[in-house]
Every structure is written in C-alpha cells, then in structure tokens.
Amino acid sequence: MNPQELKSILSAGLLSFPVTDFNAQGDFNRAGYIKRLEWLAPYGASALFAAGGTGEFFSLAASEYSEIIKTAVDTCATSVPILAGVGGSTRQAIEYAQEAERLGAKGLLLLPHYLTEASQDGVAAHVEAVCKSVNIGVVVYNRNVCRLNAPLLERLAERCPNLIGYKDGLGDIELMVSIRRRLGDRFSYLGGLPTAEVYAAAYKALGVPVYSSAVFNFIPKTAMDFYHAIARDDHAAVGKIIDDFFLPYLDIRNRKAGYAVSIVKAGAKIAGYDAGPVRAPLTDLTGEEFEMLAALIDKQGAQ
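This is the structure we're talking about:
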C-alpha cells in the first residue's frame, strides 16, 4: 500500500487502537491479542493502530514490539490495514519505524518524542528523520511535547511526501483551524483527543470528520453507531449516546491520571475479552469503579 492509498483510507471511517493483551504476569499474551483482533476486525473500522497509546506503546520492550506488530499484521492481513505506533528518541523511533515496515505494517503513527522539551525546528527535524527512514505513510501525532504549527507542517509536507496524516491530541481549536486551512487536502486529518467521541461533532465542523475510538475495544457496535450518527448529523442520536454513556464514562475516566487506558482495558474484560492488567506506571480501576463501568456497559446492550 503506497502512502497515498493509505491517506485515502484514513480520510473516512472510524479508526481504533486495540489494547495490548498481557497475561497475569504482565507478559504479552499473543493468543489473547489474536482473539481480540479477530473479534474487532469485522465491525468496520477503516484501520487499526497496533501498539499505539491505548496499546501501551510506552511500556513495551523492543522484542515485544516486533511480536505485537507481526501478530497484528498477520491476523488482519485480509481484513483491515494495520498502522504501527512508533516513538521515543529519534534513533529509537527510526528503529521501530523500519521494523514495522519490515513486518508489513501499512503505515505509522509517530507518537510524541519522550520527555524532552524541544524547539519547533527540533521537533520538525525529528519528524522528518523518521519519515525519511521509511517508504510507508506516516501520521504525526500533535500531543504533549509535540506541538507543530502550520508553517512547520507545511515545510514537512514539502520535504516528506510520505507524511500523509495529522492527528490532533491537543484540542487547540485555533491551531487546528490554522493547520486545516493552510494544508488543505494535503493531509488526512484525525481527531485524537482522549475519548474523541465527545469532540467528534465539533471537529467534524472544523473539517476533521475522522477520529480514533478507544471504546471500540469493548462496545464496537455502539462506537460504530455513534460514528454513523456523527456522519449523518443525527444530533438527537449523538446527544442521547453522549448523555447515556460518554458523560458517565468520563466521570470514571477522570478519577485518576492514566485511566484513559486503564478504563479501556477494564471495558475489554467486562466485554469478555480480558486483556490483562495495565503495566506500571499505570494503575487499574478499583473494584468499585469496575462495577460502575460494568453497569454502564450493560446498558448499551448486545454488541
């Protein structure tokens, strides 16, 4: 798949990030991960991102990363494109990017570099180096310490033909508008705030109709129903699902830092696809919170 083909795929539909399965000892559970991917693939997501943020990329060893990406690519070869999360220092990100390309990933999501604050030019140089290390398409994730502005993204677009997507995890509307207006159709634009459904209608109005859904991991039917309601501007249906599910869901998610991942793993367990515990430094939901989430999921009906 060439970068422009990937861009076309990412320009419509719902995207998601499967959680990474661990066993009780915290090691990668390949069989559980295959089962998860086989369950989720038929629901109609346009693409799945393996080892992304929700997939706990930040906690994976390099050897585990290779096994996870290979498992995802092999399992979904005939059903849905797999993009691989990459990140860390520039040299680390390049190694991950080249490994993901070797293993057959259709594209990459370049996660924010680790910890170090850097100038705009420095971040742009990091993105350019990763893009030029591979031939597959790259989506850059503006979040946390990665905060590229419109002029730099335009420069990167000129220098890196395989930089085909921009994912926003900042929620800075002024910045998003400036990027969308300046870059036009050069990129595929993805909404990437945690629990992106809450922002989906607003982002669609900005010209960003595509987003990634974490709750697809445990209520895939509801996630797809919500996406289609957004797509057809069914404000009544959107409002009902937000009121009935997403607002009480946020009340649980916002109790602790890191719960944006932990609550998804809890949801997967409730749905019958236990992905095991989160890895430190994240913490799992308490028993009380787990039961609150279970009651909320039950109200959504069969998936």
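In terms of numbering that gives the first Met the number 0, the sequence shown is residues 0 to 302.
The C-beta atom is built at its ideal place from N, Cα and C for all residues, glycine as well.
Hey, how far is the Cα of Val277 from the Cα of Val72? 23 Å
If Ala50 sits next to Ser15, beta carbons under 8 Å apart, how far is it from one beta carbon to the other, in whole angstroms? About 13 Å separates the Cβ atoms of Ala50 and Ser15, ruling out a contact at the 8 Å cut-off.
For a test of the three-state rule: what should DSSP assign to Asn216, helix, strand or coil? helix
Out of Ile251, Ser118, Arg254, Glu153, which has the shortest C-alpha to C-alpha gap to Gly164? Glu153
The region 73-90 / the region 28-37 touching (three or more Cβ pairs under 8 Å): yes
Would you tell me roughly how many angstroms separate the C-alpha atoms of Cys75 and Ser88, rounded to the nearest one? 29 Å
What does the Cβ neighbour count give for Glu290, buried or exposed, with the cut at 16 atoms within 10 Å? exposed
Between the region 89-101 and the region 129-143, can you find at least three pairs of beta-carbon atoms closer than 8 Å? yes
If you run the structure through DSSP and keep just helix, strand and coil, what is Asp167? strand
Terminal residues of the continuous alpha helix (DSSP H) containing Ile269? 258-269
Out of Leu162, Asp171, Ala128, which has the shortest C-alpha to C-alpha gap to Asn148? Taking only the C-alpha atoms, the option nearest Asn148 is Asp171.
What residue range does the beta strand (DSSP E) around Ser177 cover? From DSSP, Ser177 is part of no beta strand (DSSP E) but of the alpha helix (DSSP H) over 172-182.
By alpha-carbon positions, which one of Tyr202, Ala270, Thr77, His112 ends up nearest to Lys105? With distances taken between Cα atoms, Lys105 lies closest to Thr77.
List the DSSP bridge partners of Leu107. Ala83, Val137
Are the beta-carbon atoms belonging to Val139 and Leu162 less than 8 Å from one another? Going by C-beta atoms, Val139 is nearer than 8 Å to Leu162.
Is the region 236-244 in contact with the region 255-262, if contact means three or more CB pairs nearer than 8 Å? no
So what's Ala49 in DSSP terms, helix, strand or just coil? Ala49: strand per DSSP, three-state reduction.
Could you give the uninterrupted runs of the beta strand (DSSP E) lying entirely in the region 182-257, keeping only those of 3 residues or more? 187-190, 209-212
Using CA coordinates, which residue listed in Gln24, Asp243, Leu109, Gly54 is at the minimum distance from Val197? Asp243
Check Phe27 in the structure and name its three-state DSSP category. strand
Compare the Cα-Cα distances from Thr19 to each of Ile8, Leu59, Tyr42, Ser7 and report the closest residue. Leu59
Using CA coordinates, which residue listed in Tyr226, Phe56, Gln91, Leu151 is at the minimum distance from Tyr42? The shortest Cα separation from Tyr42 among Tyr226, Phe56, Gln91, Leu151 belongs to Tyr226.
Please report the distance separating the alpha-carbon of Leu155 from that of Gly168. 19 Å
Taking DSSP as the reference, what is the three-state secondary structure of Leu147? coil
Within the 8 Å Cβ cut-off, does Pro41 reach chain B? This model lacks chain B altogether, as it is built from one protein chain only.
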